[in-house]
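Numbered according to this note's numbering, the sequence shown terminates at residue 657, and the numbering increases by one at each position without gaps. We put the CB at the ideal spot given by N, CA and C, even for glycine. Note that the structure is predicted; figures quoted are calculated from it, not measured. These notes concern the structure reproduced below.
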Amino acid sequence: MKGFEYYAPHSLEEALSLLDNWKEKAKVLAGGTDLIVQMKNGNARPAFIVDAKNIPELNRLELDDGKSLYIGAAVPLSKIITFPPVMERFGILYQACSIIGSMQLRNRGTVGGNICNAAPSADSAPPLLCLGAKAIVARLGGNRIVPLDTFFHGPGQTALASNELLVGIEVPAPPTHSSGCYLRHTPRQDMDIAVVGVASLLVFASQKNRCQEARIVLGAVASTPLRVPQAESILAGRVLTEEAIEEAAERAVEAARPISDMRGSAEYRKEIVKVLTKRTLKRAWETQSI
Ligand SMILES: Cc1cc2nc3c(=O)[nH]c(=O)nc-3n(C[C@H](O)[C@H](O)[C@H](O)COP(=O)(O)OP(=O)(O)OC[C@H]3O[C@@H](n4cnc5c(N)ncnc54)[C@H](O)[C@@H]3O)c2cc1C
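Right, here's the structure in full:
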């Protein structure tokens with residue numbers, strides 16, 4: 368590994384000054400489960416490392432106003448999945464975060480690192496997009512809010528400038544009478560990344576089985592996580608049926624733009640999109656709370 372200087376600031380201000388000085392020569396370190404691997408294999412060669420783990424604002428995990436969830440960018444995944452409001456009210460996010468890596472990895476790795484690394488297969492991204500999450504981004508002199516649907520620019524590319532830091536993620540509470548499901552397919556059972564991931568969220572009208580709104584996001588089948596309005600519009604305003612779900616899954620397949628790689632061919636990925644879209648929609652339907 369190439370040599371680097373390591374800094375562990377205890378304030379946000381200090382971290383932002385360091386990033387402002389060094390810009391693209393610096394990298395933020397959260398859990399390091401992506402970054403250290405990339406540094407070891409030569410794909411990242413930062414001259415300066417700014418460790419985010421001691422910054423108070425990045426370690427906050429709270430349910431603000433009893434509604435929206437705030438996840439500090441340095442909060443480990445293991446803390447997120449044992450936070451009762453996440454388990455009870457943000458089930459779709461809980462499902463995704465609890466299958467990332469292993470217990471050891473979840474003790475270090477963060478949702479912040481998962482989205483800043485911007486792998487198309489990042490498991491937390493589809494549920495966060497389904498829930499309408501926003502990134503809170505800071506630079507010296509101010510903060511800005513970036514809706515997650517404009518955060519991902521391509522593999523390893525995000526809306527963050529080199530002097531900016533992700534402070535946290537704000538996740539609105541799921542709408543009343545909604546139900547969601549995240550599923551992924553991996554060739555190995557554990558410690559593997561998604562060949563395809565699908566998050567589906569259904570919002571029900573007060574009448575049983577009538578879908579008011581659908582949100583469907585695909586992972587690992589395009590250069591960024593992909594929301595599929597073509598599939599969502601099939602279900603919105605309709606009484607759910609097996610046929611409607613089948614049709615929505617077909618639309619999701621049409622929207623997917625997968626590549627072929629060692630984990631699976633593009634054709635195989637499209638087939639998995641169909642299976643997982645149907646499966647997530649059916650599970651969300653079966654668990655509706657009307
Ligand atoms: C064995 C193994 C299994 C894995 N399994 C999975 C899996 O099942 N699913 C999955 O999605 N991923 C998986 N991963 C990838 C990785 O563990 C996750 O992406 C994890 O969430 C990354 O978080 P981290 O805190 O370790 O990020 P880090 O490695 O610390 O950072 C990742 C990137 O984000 C940047 N960054 C981090 N925090 C900030 C911030 N606050 N502001 C700006 N930039 C920041 C870093 O500079 C770096 O470029 C796996 C990795 C390994 C090694």
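Same chain, Cβ closer than 6 Å to residue i, five either side skipped, listed in chain order
i      : result
Arg577 : Val606
Ala397 : Ala419, Ala441, Thr477, Gly479 and Gly480
Leu379 : Ile422 and Glu424
Trp652 : Leu607
Thr644 : Val565, Ala616 and Ala619
Glu613 : none
Ala598 : Ile583, Ala615, Arg618 and Ala619
Residue span of the alpha helix (DSSP H) that contains residue i, given as start and end
i      : result
Arg636 : Ala633 to Glu653
Lys446 : Leu444 to Ile448
Lys407 : Leu402 to Lys407
Leu472 : Met470 to Arg475
Asp387 : Leu379 to Trp389
Where residue i falls, given that 16 or more other Cβ within 10 Å makes a residue buried
i      : result
Gln462 : buried
Ala393 : buried
Val595 : buried
Asn530 : buried
Ala528 : exposed
Pro451 : exposed
Pro404 : Checking the displayed sequence, the identity of residue 404 turns out to be Val instead of Pro. The residue in question, Val404, is exposed, as its Cβ has fewer than 16 Cβ neighbours within 10 Å.
Ile601 : buried
Ser469 : exposed
Ala414 : exposed
Gly509 : exposed
Thr647 : buried
Met666 : Any question about residue 666 goes unanswered here, given that the chain covers just 368 to 657.
Arg511 : exposed
DSSP bridge partner residues for residue i (one or two, in chain order)
i      : result
Ile438 : Leu428 and Ile536
Phe519 : Thr525
Val565 : Leu550 and Leu585
Glu372 : Phe415
Leu593 : Leu585
Delimiting residues of the beta strand (DSSP E) encompassing residue i
i      : result
Leu585 : Arg577 to Gly586
Leu496 : Not the beta strand (DSSP E): Leu496 falls in the alpha helix (DSSP H), residues Ala492 to Cys497.
Pro514 : Gly509 to Pro514
Lys501 : Lys501 to Arg506
Lys420 : Premise fails: Lys420 is in no beta strand (DSSP E) and is neither H nor E.
Leu396 : Ala393 to Leu396
Residue i CB to nearest heavy atom of ligand 1 below 8 Å
i      : result
Met558 : yes
Ile447 : no
Arg555 : no
Ser469 : yes
Gly479 : yes
Arg630 : no
Arg475 : yes
Ser435 : no
Ser378 : no
Val534 : yes
Gly521 : no
Val538 : no
Lys501 : no
Cys483 : yes
Asp387 : no
Ala411 : yes
Glu531 : yes
Asp516 : no
Thr644 : no
Sequence-distant residues of the same chain with beta carbon closer than 8 Å to residue i, five excluded per side
i      : result
Ser491 : Leu460, Ala463, Cys464, Ile467, Val478, Asn481 and Ile482
Thr654 : Ser546 and Cys548
Ile448 : Met454, Tyr461, Cys464, Ser465 and Arg473
Lys641 : Ala616, Glu617, Ala619 and Val620
Pro493 : Ala463, Tyr549, Gly564, Val565, Ala566, Val584, Leu585, Gly586 and Pro592
Pro376 : Ala382, Leu385, Val417, Asp418, Asn421 and Ile422
Ala633 : Pro625, Ile626 and Ser627
Ser445 : Met470, Arg473 and Asn474
Sequence-distant residues of its chain with Cβ nearer than 7 Å to residue i (five each side left out)
i      : result
Ser488 : Ile560, Ala561, Gly564, Gly586 and Ala587
Ile472 : According to the sequence displayed, residue 472 carries Leu and not Ile. Correct list, in chain order: Thr400.
Arg624 : Val588 and Ala589
Asp516 : Leu496 and Arg594
Glu537 : Ser435, Tyr437, Ala500, Lys501 and Ile503
Ala572 : Gln579
Val395 : Val417, Ala419 and Leu532
Glu638 : none
Leu402 : Lys394, Leu396 and Ala411
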